Amino acid sequence: DWKLYKEMLHTAFINPVSINNIQEKYDFFINTINVAANHSIPAIKICTDPTSKFKPKHYWNPEISRSIAQRRLALKVFRHNPTPENLTLLELKICETKRLICKYKSQGWNQFCNSIDESTSLSEMWRRMRWMKGYRKCQFQASDEQKAEMLCSLAPDSVVPQMPSFNSMNMCLETDFNMDEMTKCMKKKDTAPGNDLITYSMLYNLPTNAKTYLLDIYNDILNQGSVPLQWRYVKIYPIPKANNTHGNVSQTPKLRPIALMSCVNKIFHVMITKRLEWYVEKNKILSHKTTGFRRAQSTTDNLVRLISYIQVGFSKKRSTLACFLDIDNAYNNISINKVANTLEELNVGSKLSRYIWTYLSERRLLIDIDYGSDSRSLCRWTSKGIGQGDPLSPLLFNIVTHKICHNITDVIMSQYADDFVLYTSSNRLCDSADIMQNALNSIFTILQDIGLQLSGSKSKYFIFSRGYRQQEVQLQINNVILGSAENIKYLGVWLDRALRWRKHVNEVVQKTQKFMNLLKLLSGPSWGIHPNHLRRLYIALIRSRIDYCSFLFDNSAKMHVHKLDIVQNQGLRIIGGFLRSTPVHVMECELSAPPLFVRRYYLAAKYISKAKSWTNNETINVVNELSTLCTNRYWHNKKKPLLAIVYNDTKDDCIDNSNPLKMFTLDTWVTKIQTLETININLDCISSSKSKYHADILKNSVLEELSNKYNGWHKIYTDGSKSANGIGAAFFDPCFNNSGSYKINDMNICIMTAELTAILEALWYIKGRN
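Those letters in the sequence shown? Residues 1 to 770, by UniProt numbering.
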């Protein structure tokens with residue numbers, strides 16, 4: 001009952017007690033929310049009438065109940081009088097009951113599949129899909145030894161360091177938070193709460209005076225640099241990693257720690273992250289080689305640069321030496337003093353630096369263990385590393401490691417979070433090895449300075465070469481010789497020595513087969529899920545996996561690409577219920593599914609257009625070099641890389657570019673722009689399509705509503721039109737009797753673009769008239 005919840009909190013925070021101590025103020029806020037929540041939104045609803053609340057299986061009916069009663073009666077008779085006649089009767093009743101249950105189970109399944117049609121919402125459909133795929137609460141229980149070992153790895157032994165001196169000032173970042181900034185960082189959807197049991201929805205539904213009270217707490221924490229005690233406790237839940245036993249059931253699964261922080265704390269850290277992100281991107285502090293957790297950048301950027309560079313090397317008859325580095329427990333071992341000093345060097349302000357150091361210097365991680373018949377929590381303090389599950393952690397990791405990408409210049413580097421790869425090529429492999437060894441020594445020293453260690457046993461080197469002869473080099477990290485591998489998985493893509501893509505394509509085909517079985521389960525000749533929903537499932541579960549970086553292996557052997565075509569054709573036949581003799585192009589036309597080669601070209605063009613929107617993008621530079629080298633002899637009998645083809649096709653396209661993103665060029669940070677709240681586009685007199693209204697009646701209704709709603713406002717009318725003769729846009733100002741009309745020469749644009757052009761010109765007119 002959110003209404004009662006808001007009323008209780010509104011009353012409690014009308015005249016709150018004046019408290020100066022931040023911890024007492026925060027305790028009062030949390031306790032008040034919990035009291036209101038216990039009255040209005042109880043966590044558990046106790047069933048007082050289990051008989052009436054009982055729900056049998058969806059296929060159960062009185063006929064099945066009657067048959068089971070007869071079976072029980074036959075069993076009772078046979079127990080009292082075990083004769084051959086009674087045994088035959090019992091077996092007959094057992095067979096009849098089984099047959100009846102199977103019959104109605106099948107009918108219930110058919111009805112369930114038929115119930116999913118075009119009117120079913122996406123959330124409801126996915127809820128049913130999760131149920132069918134067997135998503136259940138994990139039954140695995142980690143042993144106390146595993147939990148203790150995980151806790152020690154998350155909270156390594158450390159001594160609380162001495163607080164550094166913070167002297168930097170940044171008037172922009174250190175200003176108090178405002179209500180709009182806090183509200184836009186709140187979430188409606190709940191996730192698992194921390195120890196205080198405060199969820200996102202409880203904070204989102206706070207009344208205005210309670211939000212003001214919370215905002216005052218946030219500003220006090222920012223200004224004083226103190227941390228509430230509840231924020232220091234983080235509950236850790238171990239869950240098994242998926243597919244890490246490789247089919248060996250007896251093998252103990254590896255565990256993944258899930259950290260549950262306070263939602264009040266996470267909202268505060270999201271607010272800090274928005275400010276730091278704007279400051280870092282506006283001042284171009286991070287290198288273009290760092291793509292992890294940055295807007296408009298993804299793993300595809302790292303893969304495109306690596307693959308294109310390797311293909312450039314193939315064009316020049318060069319081998320490419322790459323080192324894929326593994327950092328031991330990266331997030332948990334970073335020196336917090338190095339984090340604070342880096343922030344201080346970047347001049348983010350003493351308030352932010354002091355709070356981040358204070359928060360990281362004393363964190364307490366809790367994990368539940370079984371102590372005899374009791375359940376207790378094992379707690380460890382740590383003053384090392386950054387928090388797991390903290391919204392602030394990815395950005396802090398990028399900031400503290402930004403010097404690595406700036407200082408390593410002899411080789412090319414790509415960083416995605418804690419995944420580092422170094423690669424270089426030259427005419428002689430031994431020269432590449434010498435350059436790579438120097439780079440490894442440099443990165444080892446830099447990482448050691450911030451408290452991190454490279455794992456020589458887990459890091460691998462890889463040699464990409466054109467020939468079949470395998471080559472080897474000797475590289476080492478901290479006197480540990482690096483090993484090599486036949487295939488290596490990098491950011492979800494399997495790479496082989498000559499970029500033949502056999503391993504990757506086979507892995508994709510194998511991964512999509514289990515989802516193909518799901519489509520078979522849900523379809524049928526006379527019943528089943530609506531084809532539109534089956535198509536959505538195919539796109540979300542199967543084609544999305546085929547599409548991932550598919551334009552990179554477009555030039556692989558036809559036999560490999562054909563395997564993916566078979567997967568799509570099989571899915572289309574299941575979705576549409578087509579016969580095996582149905583031509584492929586008919587299925588694609590009926591289901592609006594383009595061929596995969598068309599899809600790959602579209603994705604490549606989309607990616608190139610996005611890459612061109614960045615000024616001096618490293619990706620465009622390497623693709624441009626590759627496209628010029630495609631005339632070399634190496635590519636005469638080979639299919640050229642699709643990115644190079646698309647780049648040449650779109651070379652003359654004019655695309656607006658900037659660096660950084662335009663949202664980071666503003667004088668302040670933008671968390672979220674609510675256009676629907678800012679711009680009112682709805683009219684009460686129009687509730688359906690304009691074609692359903694008479695033109696004169698519609699005109700009079702609109703004019704009447706505009707005159708009533710916006711009496712005294714300055715009105716400007718805009719319009720765009722498109723015909724066979726051309727495209728035009730215009731605006732008219734009846735107050736000053738001014739107008740402007742524009743002809744658009746590009747006949748390929750749509751009517752929507754013409755309408756927006758008219759609005760844009762009207763806005764320029766308004767700005768010019770001040």
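Heads up, the beta-carbon is just placed ideally off N, CA and C, and yes, glycines get one too. As the structure is a computational prediction, the values presented were derived from the model and not from experiment.
- Please go through the same chain and pick out, in chain order, the residues whose beta-carbon is closer than 6 Å to the beta-carbon of leucine 197, but skip the five residues on each side of it. On the sequence shown, position 197 is the one that residue 197 refers to. Once the five neighbours on either side are set aside, leucine 197 has no close Cβ partner at all.
- Message: For asparagine 659, tell me which candidate among Asp684, Asn283, Ile334 and Tyr331 has the shortest Cα-Cα distance.
- Response: Here residue 659 corresponds to residue number 659 of the sequence shown, with the count starting at 1. Taking the Cα of asparagine 659 as reference, the smallest distance to any Cα among Asp684, Asn283, Ile334 and Tyr331 is reached at Asn283.
- Counting pairs of beta carbons, one from the region 302-322 and one from the region 449-468, are three or more of them closer than 8 Å? Enough Cβ pairs lie closer than 8 Å, so yes.
- Task: Could you please give the first and the last residue of the uninterrupted beta strand (DSSP E) stretch that includes arginine 256?
- Result: For this step, residue 256 is matched to residue 256 along the sequence shown. Arginine 256 -> beta strand (DSSP E) spans 255-260.
- Task: Please classify tyrosine 710: is it buried, with 16 or more other beta-carbons within 10 angstroms of its beta-carbon, or exposed?
- Result: Taking the first residue of the sequence shown as 1, we reach residue 710 at position 710. That one is exposed.
- Message: Give me the residue from Asn657, Asp1, Arg232 and Leu454 with the minimum Cα distance to threonine 382.
- Response: For the purposes of this step, residue 382 is taken as the residue at position 382 of the sequence shown. With respect to the C-alpha of threonine 382, the residue from Asn657, Asp1, Arg232 and Leu454 having the closest C-alpha is Arg232.
- Query: According to DSSP, which residues form a beta bridge with methionine 413?
  - Reply: The residue labelled residue 413 in the question sits at position 413 within the sequence shown. Answer is Leu422, bridged to methionine 413.
- Message: Buried or exposed for tryptophan 357, going by 16 or more other Cβ atoms inside 10 Å?
- Response: Taking the first residue of the sequence shown as position 1, residue 357 is located at position 357. By the Cβ-count criterion, tryptophan 357 is buried, with 16 or more other Cβ atoms from all chains shown falling within 10 Å of its own Cβ.
- Quick one: Cα of leucine 552 to Cα of serine 308, how far? Taking the first residue of the sequence shown as 1, we reach residue 552 at position 552. Taking the first residue of the sequence shown as 1, we reach residue 308 at position 308. Whole-angstrom Cα-Cα distance: 9 Å.
- CB-CB length for valine 421 against leucine 306, believed under 8 Å: Here residue 421 refers to the residue found at position 421 of the sequence shown. Here residue 306 refers to the residue found at position 306 of the sequence shown. So it is a contact: roughly 7 Å between Cβ atoms.
- Message: Just verifying my parser: in three-state terms, what is the DSSP assignment at isoleucine 367?
- Response: Taking the first residue of the sequence shown as position 1, residue 367 is located at position 367. In this structure, isoleucine 367 counts as strand in the three-state DSSP scheme.
- Per DSSP, tryptophan 494 is paired with what? As a position in the sequence shown, residue 494 is number 494, starting the count at 1. Paired residues: Lys489.
- tryptophan 278 and phenylalanine 664 closer than 7 Å at C-beta: By 1-based counting over the sequence shown, the position of residue 278 is 278. By 1-based counting over the sequence shown, the position of residue 664 is 664. Yes. Within cutoff.
- Under 7 Å between C-beta atoms of leucine 491 and isoleucine 327: Translated into the one-based positions of the sequence shown, residue 491 becomes position 491. Translated into the one-based positions of the sequence shown, residue 327 becomes position 327. Not in contact: leucine 491 and isoleucine 327 (Cβ atoms no closer than 7 Å).
- Message: Just to confirm, is the Cβ distance from residue 772 to phenylalanine 177 under 7 Å?
- Response: Missing from the structure shown is residue 772; the chain here goes from 1 to 770 and no further.
- Query: Near valine 702, what residues of its chain come up, given a Cβ to Cβ distance below 8 Å and the 5 sequence neighbours on each side ignored?
  - Reply: In the sequence shown, the residue the question calls residue 702 occupies position 702. Excluding sequence neighbours, valine 702 sits near Leu683, Cys685 and Ile686.
- Query: I think residue 775 touches serine 335, with their Cβ atoms under 8 Å apart; what is that distance to the nearest whole Å?
  - Reply: Absent from the model: residue 775. The displayed extent of the chain is 1 to 770, so no value can be given.
- Taking 7 Å as the cut-off, decide whether the C-beta atoms of threonine 424 and leucine 303 are in contact. Mapped onto the sequence shown, residue 424 falls at position 424. Mapped onto the sequence shown, residue 303 falls at position 303. No, these two residues do not count as a Cβ contact at 7 Å.
- Query: Given that a residue counts as buried once 16 or more other Cβ atoms are within 10 Å of its Cβ, and exposed if not, what is valine 561?
  - Reply: Residue numbering aside, residue 561 sits at position 561 when the sequence shown is read from its first letter. By the 10 Å Cβ count, valine 561 comes out buried.
- Message: According to DSSP, valine 480 sits in a beta bridge with which residue or residues?
- Response: Your numbering for residue 480 matches position 480 in the sequence shown. Beta-bridge pairing by DSSP links valine 480 to Ile477.
- Item | Exposure of phenylalanine 736, with buried meaning 16 or more beta-carbon neighbours within 10 Å | By 1-based counting over the sequence shown, the position of residue 736 is 736. Burial call: exposed.
- Message: Once DSSP output is grouped into helix, strand and coil, what is the label at arginine 380?
- Response: Numbered from 1 along the sequence shown, position 380 holds the residue referred to as residue 380. Correct three-state label for arginine 380: strand.
- Task: At 3 residues or longer, and completely inside the region 269-335: list those beta strand (DSSP E) runs for me, N to C.
- Result: Complete beta strand (DSSP E) runs here, min 3: 319-325.
- Item | Rounded straight-line distance, which links the Cα of leucine 366 to that of asparagine 219 | Counting from one through the sequence shown, the residue named residue 219 turns up at place 219. Counting from one through the sequence shown, the residue named residue 366 turns up at place 366. Approximately 28 Å, taken between the alpha carbons.
- Task: Have a look at histidine 58 and asparagine 114 and give me their C-alpha separation to the nearest angstrom.
- Result: By one-based count along the sequence shown, residue 58 stands at place 58. By one-based count along the sequence shown, residue 114 stands at place 114. Approximately 14 Å, taken between the alpha carbons.
- Message: Tell me the rounded alpha-carbon separation between phenylalanine 324 and alanine 417.
- Response: Within the sequence shown, residue 324 is the residue found at index 324, counting from 1. Within the sequence shown, residue 417 is the residue found at index 417, counting from 1. Each residue's alpha carbon lies about 13 Å from the other.
- Item | Start and end residues, beta strand (DSSP E) containing aspartate 733 | Mapped onto the sequence shown, residue 733 falls at position 733. In the DSSP assignment, aspartate 733 falls within the unbroken beta strand (DSSP E) covering 727-733.
- Could you give the distance in angstroms between the alpha-carbon of proline 82 and the alpha-carbon of aspartate 368? Residue 82 sits at position 82 when you count from the first residue of the sequence shown. Residue 368 sits at position 368 when you count from the first residue of the sequence shown. Answer to the nearest angstrom: the Cα atoms are 55 Å apart.
- Task: Could you work out which residue in His10, Asp547 and Gly483 is closest to valine 509 when comparing CA atoms only?
- Result: In the sequence shown, the residue the question calls residue 509 occupies position 509. Among His10, Asp547 and Gly483, the Cα nearest to that of valine 509 belongs to Asp547.
- Message: In the DSSP output, what is phenylalanine 462 paired with across the bridge?
- Response: The residue labelled residue 462 in the question sits at position 462 within the sequence shown. DSSP output for phenylalanine 462 lists Ala322 as bridge partner(s).
- 8 Å CB neighbourhood of histidine 246 in its chain, flanking five on each side removed: If you number the sequence shown from 1, residue 246 lands on position 246. Residue placement at histidine 246 cannot be trusted, given a pLDDT of 46 that sits under 50; the coordinates are not used to answer.
- Distance, tryptophan 669 Cα to valine 623 Cα: For the purposes of this step, residue 623 is taken as residue 623 along the sequence shown, with counting starting at 1. For the purposes of this step, residue 669 is taken as residue 669 along the sequence shown, with counting starting at 1. Going by the C-alpha atoms only, they are around 33 Å apart.
- Task: Quick one: residues in its chain with C-beta nearer than 8 Å to the C-beta of asparagine 223, no 5 flanking neighbours on either side, listed in chain order?
- Result: Working through the sequence shown from its first residue, we reach residue 223 at position 223. Only Asp176 and Lys351 meet the Cβ criterion.
- Query: Based on Cα-Cα distance, which residue from Ser592, Ile239 and Asn170 lies nearest to glycine 349?
  - Reply: Against the sequence shown, residue 349 aligns to sequence position 349. When each option's Cα is compared against that of glycine 349, the closest is Asn170.
- Euclidean distance between Cα positions of valine 249 and asparagine 487: Within the sequence shown, residue 249 is the residue found at index 249, counting from 1. Within the sequence shown, residue 487 is the residue found at index 487, counting from 1. Residue placement at valine 249 cannot be trusted, given a pLDDT of 48 that sits under 50; the coordinates are not used to answer.
- Out of Gly385, Asp157, Leu643 and Phe78, point me to the one whose CA is closest to asparagine 329's CA. Counting from 1 along the sequence shown, the entry for residue 329 is found at position 329. Comparing alpha carbon positions, the residue from Gly385, Asp157, Leu643 and Phe78 closest to asparagine 329 is Gly385.
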